[in-house]
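Working notes, beginning with the structure itself.
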Amino acid sequence: TFMNGISEFRVLESQIKDKLQLEHVIIVSGDSDEQQTVKEELGKACVQFLNTIVTSNQTIAVTGGTSMAEVANQMKPLHQATNCTFVPARGGLGEQVENQANTICAQMAKKANGNYRMLYVPDPLSEESYHTIIEEPTVKEILQMVQDAKIVLHSIGDAITMAKRRKASQEVIDRLTTQHAVSETFGFYLNRHGEVVYKARTVGLQLADLDKAQYVIAVAGGKSKANAIQSYFKLGKSNVLITDEAAAKELLEGY
Ligand code: G3H
Numbered sequence: 001t002f003m004n005g006i007s008e009f010r011v012l013e014s015q016i017k018d019k020l021q022l023e024h025v026i027i028v029s030g031d032s033d034e035q036q037t038v039k040e041e042l043g044k045a046c047v048q049f050l051n052t053i054v055t056s057n058q059t060i061a062v063t064g065g066t067s068m069a070e071v072a073n074q075m076k077p078l079h080q081a082t083n084c085t086f087v088p089a090r091g092g093l094g095e096q097v098e099n100q101a102n103t104i105c106a107q108m109a110k111k112a113n114g115n116y117r118m119l120y121v122p123d124p125l126s127e128e129s130y131h132t133i134i135e136e137p138t139v140k141e142i143l144q145m146v147q148d149a150k151i152v153l154h155s156i157g158d159a160i161t162m163a164k165r166r167k168a169s170q171e172v173i174d175r176l177t178t179q180h181a182v183s184e185t186f187g188f189y190l191n192r193h194g195e196v197v198y199k200a201r202t203v204g205l206q207l208a209d210l211d212k213a214q215y216v217i218a219v220a221g222g223k224s225k226a227n228a229i230q231s232y233f234k235l236g237k238s239n240v241l242i243t244d245e246a247a248a249k250e251l252l253e254g255y
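Put into structure tokens, the structure is as follows:
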């Protein structure tokens, strides 16, 4: 298990690092598909890593989902950094409230003794509302903070699983199937080559914004997410992966 920043999976970590071309890989023991405690360990590992990189007055953008919710559960005061602000990278994306970026962000900030801002936008949006809403001064201000964030925390989901959980229409699901969508993150759906095949119209962080961030940290585990992780890293927009043993081993066996 993960202790003092040293993992028992050093070899596996360096294999994944090479395969996905990453700067940092942290692997925790087990399979988070099978056990909730493994997801908790992913959360702890993320908090521990965050503590080693965060500096005072930074903005940390956060997405939604159960993995991020677990990072929030495990959050601790950021001892070496004061006055950090957590901002939601996206609006609701049709998720239950406990899985929404706003909720997670507020919880993280509270436990980290930091600040937070909210992004009050329905998600996804119609074309018409989208253009009006992004011009709202309060929304604009948060979007600017999100785009300037030096640290981004996010998860990666299996494309169809995420589309269904977010109650996408049958038309969208059919399209994702035809286009062989494998992964989802930030509302972007990618195929196995890491090409964007569909994008939900949502306010918030866009893939292009990630180039400006210093640390883009993906927290995603479970054997069922191996293909999604592989697909997302073909795009190469994140430099840190925190995953579990089951996903890592499956990843090495994959294409
Ligand atoms: O974008 C990916 C999803 O937010 C992942 O959700 O952590 O509940 O699997 P999850």
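Taking my numbering, the leading residue of the sequence shown gets 1, the next gets one more, and so forth. Built from N, CA and C at the ideal position, the CB exists for glycine as well. This one's a predicted model, so the numbers in the text were calculated from it and none came from an experiment.
Considering just the uninterrupted stretch of the alpha helix (DSSP H) at Tyr-189, what are its terminal residues?
Note, Tyr-189: premise wrong, no alpha helix (DSSP H); beta strand (DSSP E) at 188-190.
Just to confirm, does Asn-227 get its C-beta within under 7 Å of one of the non-hydrogen atoms of the ligand G3H?
no
Between which two residues does the alpha helix (DSSP H) carrying Val-131 extend?
Here residue 131 is His; the residue named in the question, Val, does not match the sequence. Residues 127-133.
May I ask you to report which of helix, strand or coil DSSP gives Arg-201?
coil
Alpha-carbon to alpha-carbon, Asn-57 and Asp-158:
34 Å
I'd like the span of the beta strand (DSSP E) that includes Tyr-215, first residue to last.
215-219
Should Glu-128 be labelled buried (16 or more other beta-carbon atoms within 10 Å of its own) or exposed?
exposed
How many whole angstroms separate the CB atoms of Leu-331 and Thr-202, which I take to be in contact at a CB cut-off of 8 Å?
Only positions 1 to 255 of the chain appear in this structure, which leaves residue 331 out of reach.
Indicate whether the contact test is met: 3 or more Cβ pairs, each with one atom in the region 28-35 and one in the region 236-253, closer than 8 Å.
yes
Three Cβ pairs or more, each shorter than 8 Å: is that satisfied between the region 113-123 and the region 7-22?
no
With burial defined as no fewer than 16 other Cβ atoms inside 10 Å of the residue's Cβ, what is the status of Thr-63: buried or exposed?
buried
Tell me the DSSP secondary structure of Thr-1 in three-state form.
Confidence in Thr-1 is poor, its pLDDT being 48 and thus under 50, which makes the residue's placement unreliable; the coordinate value appears in the next sentence. Of the three classes helix, strand and coil, the one that applies to Thr-1 here is coil, per DSSP.
What's the C-alpha gap between Val-97 and Gln-15?
37 Å
Helix, strand or coil for Gly-236? Go by DSSP, reduced to three states.
coil
Supposed close pair Ile-60, Cys-84 - CB separation, criterion 8 Å
6 Å
Chain-order list of residues whose beta-carbon lies under 8 Å from that of Ile-134 (same chain, five-residue window excluded):
Lys-140, Leu-143 and Val-203
To the nearest angstrom, how far is it from the Cα of Arg-117 to the Cα of Leu-207?
21 Å
Just to confirm the assignment: which complete beta strand (DSSP E) runs, minimum length 3, are found wholly within the region 135-172?
151-154
For a test of the three-state rule: what should DSSP assign to His-180, helix, strand or coil?
coil
Give me the Cα-Cα distance between Thr-1 and Ala-45, rounded to the nearest whole angstrom.
Unreliable placement is indicated for Thr-1, whose pLDDT of 48 sits below 50; no coordinate value is reported for it.
Are Leu-176 and Tyr-232 close, meaning C-beta to C-beta below 8 Å?
no
Where Gln-80 and Gly-43 are concerned, what is the direct C-alpha to C-alpha distance, given to the nearest angstrom?
19 Å
Starting from Thr-85, trace the alpha helix (DSSP H) in both directions and tell me its first and last residue.
Per DSSP, Thr-85 belongs to no alpha helix (DSSP H); it is in the beta strand (DSSP E), 85-88.
For Asp-33, does the three-state DSSP call read helix, strand or coil?
coil
Does Thr-52 come out as helix, strand or coil in the three-state DSSP assignment?
helix
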